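Undergrad:
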Ligand SMILES: Nc1ncnc2c1ncn2[C@@H]1O[C@H](COP(=O)(O)OP(=O)(O)O)[C@@H](O)[C@H]1O
Ligand SMILES: [Mg+2]
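Residue numbers (my numbering): 170 to 408.
See below:
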């Protein structure tokens, strides 16, 4: 795929050009820790279409999490061009990025990242609260999501009262709350036993069939095999 040519054909890249949800061109990321500079990404070209299921693989330290943080607008690139659904995100401010994250992206992390003090229900409700959704609609939506991830009977449990696989399903319900364009997952089965990992994988497949764009960083060969396409990162570059 020649991204540079695609860019030329699309002029300044109107929204949804070529159906691309994610459009990255020559993205670099340098971590400047004072003493040393780490060139984590050295010129990434990546296009992901609406409805694709993409696995990102590569050795530890190759830049996968850095790439996920940039795609998810949790961090900003040092250089290059990044469009999310045609919208240039490189130049946006903190509040605008937070808004994009909440509305467009559902995050799933290896360590679940649930708030331990509150119930599964309240964890899933959180993005809806931030999104200004009414109490009544929040309740209906959370209930629907807990059913979707097959945890309706554990709704009022705290994360510490759940298994790893159940916690990850809560995290997936939370990721889905605002009906995001993309699910971004970083090693979502990394802390799970094989059987829970298989559950998560089939849940992802269901979501993908229902139209969600899936971008999953994984070491799990079973997961990579189910994806439509694998992108390999090595030394900060797409291999
Ligand atoms: N916050 C940071 N500050 C400095 N260096 C970092 C930071 N995060 C990651 N790195 C470095 O960037 C490179 C890529 O890391 P990362 O994206 O976490 O790789 P992966 O997820 O593939 O294991 C590594 O050399 C790592 O040490
Ligand atoms: Mg990582």
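Just so it is clear, CB atoms sit at the ideal spot from N, CA and C, and this is done for glycine as well. Since this is a predicted model, take the numbers as computed values, not measurements.
1) Compare the Cα-Cα distances from residue 270 to each of 310, 349, 192 and report the closest residue.
2) Ligand 2 heavy atoms versus the CB of residue 305: any closer than 7 Å?
3) Measuring alpha carbon to alpha carbon, tell me which residue in 347, 373, 389 is nearest residue 363.
4) Is DSSP giving residue 301 helix, strand or coil here?
5) Check residue 348 in the structure and name its three-state DSSP category.
6) Quick one: give me the first and last residue of the beta strand (DSSP E) that residue 362 is part of.
7) For a test of the three-state rule: what should DSSP assign to residue 141, helix, strand or coil?
8) Go ahead and label residue 391 buried or exposed: buried means 16 or more other beta carbons lie within 10 angstroms of its beta carbon, across all protein chains shown.
9) In the DSSP assignment, the beta strand (DSSP E) including residue 194 goes from what residue to what residue?
10) Is it buried or exposed for residue 337, if we count other Cβ within 10 angstroms and need 16 for buried?
TA: Taking the definition as stated:
1) Indexing the chain shown from 1 puts residue 270 at position 101. Nearest C-alpha to residue 270: 349.
2) By one-based count along the chain shown, residue 305 stands at place 136. No, the Cβ of residue 305 stays beyond 7 Å of every heavy atom of ligand 2.
3) Taking the first residue of the chain shown as position 1, residue 363 is located at position 194. Taking only the C-alpha atoms, the option nearest residue 363 is 389.
4) Within the chain shown, residue 301 is the residue found at index 132, counting from 1. Three-state result, residue 301: coil.
5) The sequence position of residue 348 within the chain shown is 179, counting from 1. Residue state, collapsed to three classes: coil.
6) Within the chain shown, residue 362 is the residue found at index 193, counting from 1. Unbroken run through residue 362: none, as it is neither H nor E.
7) Outside the displayed range of the chain (170 to 408) lies residue 141, so it cannot be described from this structure.
8) If you number the chain shown from 1, residue 391 lands on position 222. Exposed, by the Cβ-count rule.
9) Taking the chain shown and counting its residues from 1, one reaches residue 194 at position 25. First-last of the beta strand (DSSP E) with residue 194: 189-201.
10) On the chain shown, position 168 is the one that residue 337 refers to. By the neighbour-count rule (16 or more Cβ atoms within 10 Å), residue 337 is buried.
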